[in-house]
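Novice: Mind having a look at this structure? Questions to follow.
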């Protein structure tokens, strides 16, 4: 397919209420589309896979230059060879075996959040559960006090809402102020952990000595990336999961009745609703992708949303079908930058799905609710998802 | 049926050891590691094929 330069604007895609229409619109523009903003969108499986396999041509580091982060976002804004070194250190800290050790505590916290509204007969999945849980998990992983959850959420949301790596817009002064407050808080935690190490991930990173020791900027950069990448993404998928389950009661019943169905259902939600479906890169050289020449130094966006709905791979690409939950989606990206927290994210989603349905197996969308995402946006997430259910009286 | 992981392609998505836990396990990095010499007992062949299909990097493959 040849290059299309038809003044295509990603923001014109009808994403807000139904990503099916939105991704069809994007995919129909072509395999490789030069947008009116001069960004090359890669929409086909072949094109995105090519980019994932050639990180030396599609630099993630250069794509994050425009974010003007005060610290290096480790490891996403790092190219090989340093990237390889960081991942060798970080991958084991987020491996499934390590997460197994946290599971009981994470389950307890999930149950506690759900019990807080179980006797009420209604809740907003986004506000009462999805926004809270991933931040608690982060604080638990990094050994920070859960009591700081709400101000942490405020900081993180302010920064995330205003830092879209796909946009070239200037950073607002209040965002810089919020970021400085957050960094002040993180620095205090880092100093405390240096003095009194615990069993948490932050303490482990700080425990490296000699040539392996991390600088203060590296440690803060890692914390900051976890906040940018690990909170609103999981929040988003929790919201989408319940949206799909309210829309498809048969799938919800299957989840309640068959414990084995949880995992493929979670995978299907990530496939259909990847929360960060537009991942940025910058080309380091001229490159031909599916017959289109992309010049060196071009901003490129990899569309995971279209790849995950490739009809060649998925028999019912736009439907949540637990029977293709075992198929290989790219909701966590691919290649060397495959989401570092993917194993943790999957576990969080599974725990929420299991614990919620144990306590509240029957529910439906609240009358008059109109779930939608903010669009355009770097990450996709529902603003609200009110549901109603028979009160359990157990809380 | 034999299972194989191309270590150069694997980036640790972890689908193989979830879908075919009798054939692959996870190493300390969360990457897949073939159990034994990769020979797949007939009762696990279907699960192993599904795992190969699910590998986003086409790193986990099956030879019949």
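Protein chains in written order, with my numbering: chain A, 418 to 812; chain B, 62 to 125. Ideal Cβ placement from N, Cα and C applies to all residues, glycine included. All figures in this text were calculated on a predicted structure; none of them were measured in a lab.
1. Span of the beta strand (DSSP E) holding residue 121(B)?
2. Helix, strand or coil for residue 793(A), going by three-state DSSP, please let me know.
3. Say yes only if the C-beta of residue 803(A) is nearer than 7 Å to one or more non-hydrogen atoms of the ligand SAM, and no if none qualify.
4. Check whether chain B comes within 8 Å of residue 744(A), counting only Cβ atoms and requiring the distance to be less than that.
5. Could you spell out where the alpha helix (DSSP H) holding residue 590(A) opens and where it closes?
6. Answer yes or no: do residue 617(A) and residue 523(A) have a C-beta to C-beta separation smaller than 8 Å?
7. Give the interface partners of residue 93(B) over in chain A, defined as CB-CB distance under 9 Å, in chain order.
8. Helix, strand or coil for residue 63(B), going by three-state DSSP, please let me know.
9. Using a Cβ-Cβ distance under 8 Å, would residue 107(B) count as near chain A?
10. Among all the DSSP beta bridges, which residues are the ones paired with residue 803(A)?
11. Cα-Cα, which of 675(A), 735(A), 784(A) and 544(A) is closest to residue 574(A)?
12. Thinking just about the alpha-carbon of each residue, which of 521(A), 779(A), 803(A) and 601(A) is nearest to the one in residue 785(A)?
13. Please confirm if the stretch 458-465 of chain A is in contact with the stretch 439-446 of chain A, defined as three or more CB-CB distances below 8 Å between the two stretches.
14. Residue 747(A) touches chain B at which residues, Cβ-Cβ below 8 Å?
15. Suppose you measure from the CA of residue 475(A) to the CA of residue 706(A); what does that come to, to the nearest Å?
16. If you check the beta carbons only, do residue 79(B) and residue 105(B) fall under 8 Å apart?
17. On the premise that residue 698(A) lies in contact with residue 717(A), defined as a C-beta separation below 8 Å, what is that separation, rounded to the nearest angstrom?
18. Take residue 655(A) and list the residues in its own chain whose beta-carbon comes closer than 6 Å to its own, dropping the five residues that flank it on each side.
19. Give me the chain B residues within the contact set of residue 474(A), using Cβ-Cβ distance strictly less than 9 Å, ordered along the chain.
20. According to DSSP, simplified to helix, strand and coil, what is residue 651(A)?
21. So, is the C-beta of residue 752(A) closer than 8 Å to a C-beta in chain B?
22. Buried or exposed: residue 610(A), going by 16 or more other Cβ atoms within 10 Å of its Cβ?
23. Does residue 689(A) have its Cβ less than 8 Å from a Cβ in chain B?
24. By the 10 Å Cβ neighbour count, where 16 or more other Cβ atoms means buried, how is residue 676(A) classified, buried or exposed?
25. Go ahead and label residue 624(A) buried or exposed: buried means 16 or more other beta carbons lie within 10 angstroms of its beta carbon, across all protein chains shown.
26. Per DSSP, what are the beta-bridge partners of residue 720(A) in this structure?
27. Mind checking residue 812(A): buried by the 16 CB within 10 Å criterion, or exposed?
28. Please report the Cβ distance between residue 751(A) and residue 471(A), rounded to the nearest whole angstrom; I am assuming they are in contact, meaning their Cβ atoms lie under 8 Å.
29. Could you list which residues in chain A have their beta carbon closer than 7 Å to that of residue 76(B), in chain order?
30. Could you tell me which of 580(A), 603(A), 601(A) and 602(A) sits nearest to residue 592(A), measuring between CA atoms?
31. Can you tell which of 731(A), 753(A) and 788(A) has its C-alpha closest to the C-alpha of residue 436(A)?
32. Does the Cβ of residue 632(A) have 16 or more other Cβ atoms within 10 Å, making it buried, or fewer, making it exposed?
33. Starting from residue 105(B), trace the alpha helix (DSSP H) both ways and give me its first and last residue.
34. Grab the span of the beta strand (DSSP E) containing residue 87(B) for me, first residue to last.
35. Can you round the beta-carbon distance between residue 719(A) and residue 700(A) to whole angstroms, since I take them to be within the 8 Å contact cut?
36. Assuming residue 496(A) contacts residue 478(A) under a Cβ cut-off of 8 Å, what Cβ separation, rounded to an integer in Å, is found between them?
Specialist: Taking the definition as stated:
1. Taken as a continuous stretch (DSSP letters only), the beta strand (DSSP E) holding residue 121(B) covers 121-124.
2. The three-state reading of DSSP puts residue 793(A) in coil, since its state is none of H, G, I, E or B.
3. The ligand SAM is absent from the structure shown, which contains no ligands of any kind.
4. Contact with chain B is found for residue 744(A), since one of that chain's Cβ atoms lies less than 8 Å from the residue's Cβ.
5. That run of the alpha helix (DSSP H) goes 590-612.
6. Going by C-beta atoms, residue 617(A) is not nearer than 8 Å to residue 523(A).
7. Near residue 93(B) there are no residues of chain A at all, since even the closest Cβ is about 11 Å away, more than 9 Å.
8. Collapsing the DSSP output to three states places residue 63(B) in a strand.
9. Chain A contact via Cβ: absent.
10. 541(A).
11. The residue with the shortest Cα to Cα distance from residue 574(A) is 544(A).
12. Closest by alpha carbon: 803(A).
13. Proximity of the stretch 458-465 of chain A to the stretch 439-446 of chain A meets the contact definition, three or more beta-carbon pairs being nearer than 8 Å.
14. Residues of chain B passing the Cβ test: 117.
15. So the alpha carbons of these two residues sit roughly 11 Å apart.
16. Cβ atoms of residue 79(B) and residue 105(B): not closer than 8 Å.
17. About 5 Å; that satisfies the 8 Å criterion.
18. Answer for residue 655(A): 547 and 769, listed in chain order.
19. Ordered by position in chain B, no residue passes the 9 Å Cβ test against residue 474(A), which lies about 17 Å from the chain.
20. Of the three classes helix, strand and coil, the one that applies to residue 651(A) here is helix, per DSSP.
21. Yes, residue 752(A) lies at the interface with chain B (some Cβ there is under 8 Å from its Cβ).
22. Residue 610(A) comes out buried.
23. Residue 689(A) does not count as touching chain B.
24. With a threshold of 16 other beta carbon atoms within 10 Å, residue 676(A) falls short and is exposed.
25. Residue 624(A) comes out exposed.
26. Residue 720(A) is bridged by DSSP to 695(A).
27. With a pLDDT of 41 at residue 812(A), under the threshold of 50, the modelled position of this residue cannot be trusted; read the value that follows with caution. Classification for residue 812(A): exposed.
28. Not confirmed; about 11 Å, so no contact.
29. Per Cβ cutoff of 7 Å: 745.
30. Of the listed residues, the one whose Cα sits closest to residue 592(A) is 580(A).
31. Cα-wise, what sits closest to residue 436(A) is 788(A).
32. By the 10 Å Cβ count, residue 632(A) comes out exposed.
33. Note, residue 105(B): premise wrong, no alpha helix (DSSP H); not H, not E.
34. Residue 87(B) -> beta strand (DSSP E) spans 85-87.
35. With 8 Å as the limit, residue 719(A) and residue 700(A) do not qualify as a contact, their Cβ atoms being about 12 Å apart.
36. Sure, about 4 Å apart at Cβ, within 8 Å.
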